[in-house]
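Below you'll find the structure, written out as structure tokens, and then a few comments.
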Amino acid sequence: PDSITFIGAGIISIEFASIMIKSGVEVNVVHHTNQALEGFNESHVNKLIQKLKDEGVKFYFSENTKSVKPNAQRFIVETESGKMIETDYVLDATGRKPNVQQIGLEKVGILFSDRGIEVDDYLRTNVKNIYASGDV
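Quick note: the sequence shown uses full-length UniProt numbering, first residue 1, plus one each step.
Right, dumping it as structure tokens:
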């Protein structure tokens, strides 16, 4: 494609944005807060974002996506503030939600929340000898 717009500025969007810009594709990233890669070291993230900006990635921070509409062979991404971004492709990478409510964790006493299975720094759950890692 000539251009792509990522909705969300998490690890998936930033990784793919860095690949696409090096391939000569025009890259836009629209994110609802003023910080990409939330949860990571802000100083390091800021350096990475500046490097991507220097390479040509356009960031639209503190912008909520209002709509994505087809326009001939392309798409128009409209933000709530009225910005219009014309693009060939749109990738929605606004995050994932754990799906652990109905897999029986409560039967063995494993603690979980809306964020997923609760683990310590060593990926141990609250139940002895049961660990959780990756996309669980």
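Glycine included, C-beta positions come from ideal geometry on N, C-alpha and C.
For Glu26, which residues in the same chain have their Cβ closer than 7 Å to its Cβ, ignoring the five residues on either side in sequence? Asp2, Ser3
Beta-carbon gap between Leu48 and Ile21 smaller than 8 Å: no
Starting from Leu123, follow the beta strand (DSSP E) in both directions and report where the run begins and ends. Leu123 -> no beta strand (DSSP E), and no H or E assigned at all.
Decide if the region 50-69 is in contact with the region 108-117; the criterion is three or more beta carbon pairs, one per stretch, under 8 Å apart. As far as the Cβ criterion goes, the region 50-69 does not touch the region 108-117, which means the pair count is below three.
Could you say which of Val108, Ser67, Val45, Ser43 lies nearest to Ile7 if we only look at CA atoms? Ser67
Please go through the same chain and pick out, in chain order, the residues whose beta-carbon is closer than 6 Å to the beta-carbon of Val57, but skip the five residues on each side of it. Ala17, Ile21, Val27
Comparing alpha-carbon positions, which option in Lys97, Asp135, Ala36 lies nearest Phe59? Ala36
Quick one: Cα of Ile130 to Cα of Arg124, how far? 6 Å
Residues near Asp92 in its chain [Cβ-Cβ closer than 6 Å; skip 5 each side]: Ile7
Which one or two residues does DSSP pair with Thr65 in a beta bridge? Thr79
Under three-state DSSP, which class holds Val100? When secondary structure is reduced to three states using DSSP, Val100 falls in the coil class, being assigned neither helix nor strand.
Taking the beta strand (DSSP E) that Asp92 belongs to, which residues open and close that run? 89-92
With DSSP collapsed to three states, give me the class of Val45. helix
If I measure Cβ to Cβ from Thr79 and keep anything under 7 Å in the same chain, skipping five residues before and after, which residues do I get? Spatial neighbours of Thr79 in its own chain (CB-CB distance under 7 Å, excluding positions within 5 residues in sequence) are listed in chain order as Val30, Tyr60, Glu63, Asn64, Thr65, Lys66.
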